[in-house]
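Chains as they are written, first to last, in the numbering used here: chain A, 1 to 277; chain B, 278 to 364.
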Amino acid sequence: MNDSATPGRLSRRVLAERAAPSLLDLAPGLMRVCRTVEQRLAAHGPWTAGDPGRSIAIEQGAIEQFLQQVMRARGQGFPAVCSFTATGGGDPLLVAADLEPTPAGALASVWFPMPEREPAGGWLALLHDVAEGFGAHHAHLEADDLLMRYQGRRATERARAATPPELRAYIPDPPAFVDGMNLDLLVPQEYDRRQVPAGVWWINYWDRAQIATLGEGRVRGAGWAQVVEAAEGALLLTTTDEPLDLANRAHVERLRLLIDNLGLLDAQRHARYESSG
Amino acid sequence: MRSPGYGLQTGTANVWEVKVGFGWFFNPGSAGTTAATLARWDAQKNLGIAVAASCGYHHLWAHPDRYVVQLLISRWGGMPPVVNIPG
Numbered sequence: 001m002n003d004s005a006t007p008g009r010l011s012r013r014v015l016a017e018r019a020a021p022s023l024l025d026l027a028p029g030l031m032r033v034c035r036t037v038e039q040r041l042a043a044h045g046p047w048t049a050g051d052p053g054r055s056i057a058i059e060q061g062a063i064e065q066f067l068q069q070v071m072r073a074r075g076q077g078f079p080a081v082c083s084f085t086a087t088g089g090g091d092p093l094l095v096a097a098d099l100e101p102t103p104a105g106a107l108a109s110v111w112f113p114m115p116e117r118e119p120a121g122g123w124l125a126l127l128h129d130v131a132e133g134f135g136a137h138h139a140h141l142e143a144d145d146l147l148m149r150y151q152g153r154r155a156t157e158r159a160r161a162a163t164p165p166e167l168r169a170y171i172p173d174p175p176a177f178v179d180g181m182n183l184d185l186l187v188p189q190e191y192d193r194r195q196v197p198a199g200v201w202w203i204n205y206w207d208r209a210q211i212a213t214l215g216e217g218r219v220r221g222a223g224w225a226q227v228v229e230a231a232e233g234a235l236l237l238t239t240t241d242e243p244l245d246l247a248n249r250a251h252v253e254r255l256r257l258l259i260d261n262l263g264l265l266d267a268q269r270h271a272r273y274e275s276s277g
Numbered sequence: 278m279r280s281p282g283y284g285l286q287t288g289t290a291n292v293w294e295v296k297v298g299f300g301w302f303f304n305p306g307s308a309g310t311t312a313a314t315l316a317r318w319d320a321q322k323n324l325g326i327a328v329a330a331s332c333g334y335h336h337l338w339a340h341p342d343r344y345v346v347q348l349l350i351s352r353w354g355g356m357p358p359v360v361n362i363p364g
């Protein structure tokens, strides 16, 4: 294990993001994501929505009605959860969505845990379907260990700066990584991630705008294991042929090389919000 | 009162979300429950930030598990701060 502090404690997710002014705008995309989950991960209904779950049909009208309930509850001060759970398989599979205000406008996300079993058609096909079904500008296969490598140090700095001095000692140091390689990036809350990707993950979906920010030639020539064309100028970019493993030094070196070749940290700094501190 | 050089309210102006338990959080067999819990915490975090901000308060989370704290700090970009206070 690369991270000596967190052996066996990590999880992986499929995550997609898009701009959306309201949760209600997400109904068609969420319907398509849930159907993708059914088709590629053999997750079965009956579906429930929310927490605690109530039975729901994965149809646009029913999802819109649920999203309205979530918005109404939140407007009344209740932290209603926007999630859908396929309860009919062996393990229930949860698809969660939310909306985050940013200085560049609200961004919606959808995510669900990556199961152990490979999806029908493979991970790249799954990410493609989720990204295009959700109407995403960005999607990736997220792993907690890599998330903490990219964001842990900067996020801890921000947390300490925002914590009263008498409590700062209770903010733990970020995990230590035994290979000593620096993969530090900014945290996505600091810059316009509609324009700049938050990191390089095992498989990535970047839309035309994100590619243009970094430079199309620079993106294509950065040193990917695989580059696949998607609709409307988007690209599916694979870092390594086999699943990314941070215990494998060659994989970490590949990530370092890609980040450097893309100029990713500089691009994030360039797209930084003035108020991000 | 205000902390010198800090600029945010402290003392009674801190609004806490305190979690206890969750020792199972990273268990391989708990992936579904872990995902549901993360989704619930994300929603609580978003509402907590909005409510605290509208009231001029400072929002903080506390959790007894160091690894969960490290994950939440990374996942949320450090906002709100999550402190580790072992149970």
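We treat Cβ as the ideally placed atom computed from N, Cα and C, and that holds for glycine. Quick caveat, the model's predicted, so the values are computed rather than measured.
Counterpart residues of residue i in DSSP-defined beta bridges
i        : result
Arg12/A  : Ala143/A
Thr87/A  : DSSP, once it has assigned bridges, lists no residue as partnering Thr87/A.
Ile340/B : One point to set straight first is that residue 340/B is His, not Ile, in the sequence displayed. DSSP, once it has assigned bridges, lists Asn361/B as partnering His340/B.
Ile203/A : Thr238/A
Ser109/A : Glu17/A and Asp98/A
Asn304/B : For Asn304/B, which the question treats as bridged, DSSP gives no partner whatsoever.
Trp47/A  : Ile56/A and Ala86/A
Val295/B : Ala339/B
Tyr191/A : Arg272/A
Gln226/A : Thr238/A
His138/A : Glu17/A and Trp206/A
Outcome for residue i when other beta-carbon atoms lying within 10 angstroms are tallied against a minimum of 16
i        : result
Ile350/B : buried
His251/A : buried
Ala267/A : buried
Trp301/B : exposed
Ala313/B : buried
Asn361/B : buried
Ser11/A  : buried
Ala234/A : buried
Ser55/A  : exposed
Arg220/A : exposed
Gly29/A  : buried
Asp145/A : buried
Gly121/A : exposed
Asp260/A : exposed
Glu232/A : exposed
Rounded C-alpha distance that separates residue i from residue j
i        : j        : result
Arg272/A : Ala16/A  : 21 Å
Ala290/B : His336/B : 9 Å
Asp319/B : Pro358/B : 13 Å
Gly364/B : Ala339/B : 10 Å
Asp245/A : Leu147/A : 13 Å
Ala86/A  : Thr48/A  : 7 Å
Ala308/B : Asp91/A  : 9 Å
Phe299/B : Asp342/B : 8 Å
Pro79/A  : Gly354/B : 20 Å
Pro7/A   : Val346/B : In this predicted model, Pro7/A has a pLDDT of only 38, less than 50, meaning its place in the structure is not dependable; the value taken from the coordinates is given anyway. Spanning the two alpha carbons is a distance of roughly 15 Å.
Pro119/A : Arg13/A  : 13 Å
Tyr205/A : Gly61/A  : 28 Å
Leu265/A : Ala139/A : 18 Å
Leu135/A : Val292/B : Note that residue 135/A is Gly in the sequence shown, not Leu. Using only the alpha carbons, I get a separation of about 36 Å.
Arg32/A  : Gln65/A  : 16 Å
Asp129/A : Ala169/A : 44 Å
Cys34/A  : Ile58/A  : 7 Å
Gln76/A  : Gly325/B : 13 Å
Met356/B : Val37/A  : 31 Å
Pro101/A : Pro175/A : 28 Å
Pro164/A : Pro188/A : 23 Å
Glu294/B : Gln321/B : 9 Å
Gln39/A  : Glu253/A : 35 Å
Arg269/A : Pro305/B : 36 Å
Cβ separation of residue i and residue j, assumed to be a contact under 8 Å, to the nearest whole Å
i        : j        : result
Ala225/A : Thr239/A : 6 Å
Leu124/A : Phe112/A : Not really, about 16 Å apart at Cβ, beyond 8 Å.
Leu23/A  : Leu67/A  : 5 Å
Ala97/A  : Arg194/A : With 8 Å as the limit, Ala97/A and Arg194/A do not qualify as a contact, their Cβ atoms being about 17 Å apart.
Arg149/A : Leu186/A : That pair is no contact at about 13 Å.
Leu41/A  : Pro115/A : 6 Å
Ala222/A : Leu258/A : 5 Å
Leu141/A : Arg256/A : Contact doesn't hold; Cβ gap of about 19 Å is too wide.
Neighbour list for residue i in chain A, Cβ cutoff strictly below 9 Å
i        : result
Ala330/B : The contacting residues do not exist; Ala330/B stays about 11 Å from chain A at best.
Gly309/B : Thr85, Asp91, Pro92, Leu93, Leu94 and Pro113
Neighbouring residues, chain A, relative to residue i (Cβ below 8 Å)
i        : result
Val359/B : Ala159 and Ile171
Chain B contact residues for residue i, given Cβ-Cβ distances below 7 Å
i        : result
Ala19/A  : Chain B residues near Ala19/A: none, gap ~17 Å exceeds 7 Å.
Pro79/A  : Ala320, Gln321 and Leu324
Ser11/A  : Ala308 and Thr311
Gly135/A : Going along chain B, no residue has its Cβ under 7 Å from Gly135/A, so there is no contact; the nearest lies around 21 Å.
CB contact below 8 Å: residue i versus chain C
i        : result
Gly355/B : The structure shown contains no chain C; the protein chains it does contain are A and B.
Residue i Cβ short of 7 Å to the ligand PLP heavy atom set
i        : result
Gln321/B : Because no ligand of any kind appears in the structure shown, any question about the ligand PLP cannot be addressed here.
Contacts that residue i makes with chain A (C-beta to C-beta distance below 7 Å)
i        : result
Val346/B : Pro172
Within chain B, partners of residue i - CB distance below 9 Å
i        : result
Pro188/A : Gly354
Gln151/A : Ile350, Ser351, Arg352, Gly354 and Gly355
Residue i: contacting residues in chain B (beta-carbon distance under 8 Å)
i        : result
Met148/A : Gln347, Leu348 and Ser351
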